[in-house]
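In this note's numbering, the protein residues as written are 55 to 207.
The C-beta atom is built at its ideal place from N, Cα and C for all residues, glycine as well.
Contents: one structure, followed by commentary.
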Amino acid sequence: HEQLPLVNARGDIVITADARIDNRVELIDILGLGGRYHSQIGDSELILAAYEKWGEECPARLLGDFAFAIWDGRRQILFCARDHFGVKPFCYYHRHGRVFVFASQVKALLTMRQVPHQINEGRIADYLVGDLEGIDKTSTYYQEVYKHPPAHT
Numbered sequence: 055h056e057q058l059p060l061v062n063a064r065g066d067i068v069i070t071a072d073a074r075i076d077n078r079v080e081l082i083d084i085l086g087l088g089g090r091y092h093s094q095i096g097d098s099e100l101i102l103a104a105y106e107k108w109g110e111e112c113p114a115r116l117l118g119d120f121a122f123a124i125w126d127g128r129r130q131i132l133f134c135a136r137d138h139f140g141v142k143p144f145c146y147y148h149r150h151g152r153v154f155v156f157a158s159q160v161k162a163l164l165t166m167r168q169v170p171h172q173i174n175e176g177r178i179a180d181y182l183v184g185d186l187e188g189i190d191k192t193s194t195y196y197q198e199v200y201k202h203p204p205a206h207t
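Now the structure itself:
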């Protein structure tokens with residue numbers, strides 16, 4: 055298991071992730087991380103190195119299941135991404151300019167006092183009448199709590 059969050063050598067980029075990267079050997083070679091045993095290189099370290107090389111294009115180079123958030127202190131941005139099929143969940147609450155909270159599960163978000171606990175009645179109504187095709191796939195059963203869509207950054 056990896057120690058997270060993980061900080062790069064310069065101390066200006068930080069990652070936390072729930073990830074299983076399948077093209078590890080290829081990435082280790084391309085990123086020049088071959089000086090250690092492959093088993094010593096964690097998936098988050100691979101993603102962090104990929105971000106340092108390719109920036110916001112790095113998710114396109116990753117094969118596997120992942121959801122991650124990277125704070126780039128150089129650029130003062132938070133970059134989040136989710137795998138192509140949405141296997142790893144990524145839920146969040148955002149109040150513009152004030153707070154951004156994320157977790158793998160909605161119930162974890164609800165433990166934060168900043169996150170409102172208002173029920174999303176529209177989402178519940180859609181579920182009860184079976185109208186799952188027309189609903190917003192990013193919505194949850196709580197207002198202002200969202201799911202990051204698969205294959206999105």
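**OP:** Have a look at G140 and V155 and give me their C-alpha separation to the nearest angstrom.
**Re:** The straight-line gap from Cα to Cα measures roughly 19 Å.
**OP:** Taking K201 as the reference, give the member of A135, R152, A114 and L60 with the closest Cα.
**Re:** The candidate whose alpha carbon is nearest that of K201 is A135.
Original post:
Along the chain, which unbroken stretches of the alpha helix (DSSP H) at least 4 residues long are found entirely within the stretch 69–94?
Top reply: List check, alpha helix (DSSP H) in window: 78–84.
Original post:
Among Y195, V68 and C145, which has the Cα closest to the Cα of I131?
Top reply: Taking only the C-alpha atoms, the option nearest I131 is V68.
Original post:
Should P113 go down as buried or exposed, given a rule of 16 or more other Cβ atoms within 10 Å for buried?
Top reply: By the neighbour-count definition (other C-beta atoms within 10 Å, threshold 16), P113 is a buried residue.
Original post:
To the nearest angstrom, how far is it from the Cα of A103 to the Cα of R78?
Top reply: Computed Cα separation, rounded: 12 Å.
**OP:** Scan the stretch 152–177 and note each continuous beta strand (DSSP E) run of 3 residues or more that stays entirely inside, going in chain order.
**Re:** Here the runs fully enclosed are 153–157.
Subject >> Rounded distance between the beta-carbons of A73 and A120, thought under 8 Å >> reply: Residue identity differs from the one stated: residue 120 is Phe in this sequence, not Ala. That pair is a contact at about 4 Å.
**OP:** Determine the burial state of V199: buried for a count of at least 16 other Cβ atoms within 10 Å of its Cβ, exposed for fewer.
**Re:** Classification of V199: buried, given that the 10 Å Cβ count is 16 or more.
**OP:** Could you say which of I101, G118, D76 and G65 lies nearest to K142 if we only look at CA atoms?
**Re:** Of the listed residues, the one whose Cα sits closest to K142 is G118.
Subject >> Assigned secondary structure, R149 (DSSP; H/G/I helix, E/B strand, else coil) >> reply: Looking at R149 - three-state DSSP - the assignment turns out to be strand.
Original post:
If we ignore side chains and look at the alpha-carbon of each, how far apart do E187 and I84 end up?
Top reply: E187 and I84: Cα-Cα distance of roughly 41 Å.
**OP:** Counting only the same chain and skipping the five closest in sequence on each side, list residues whose C-beta sits under 6 Å from that of R128.
**Re:** Answer for R128: D66, listed in chain order.
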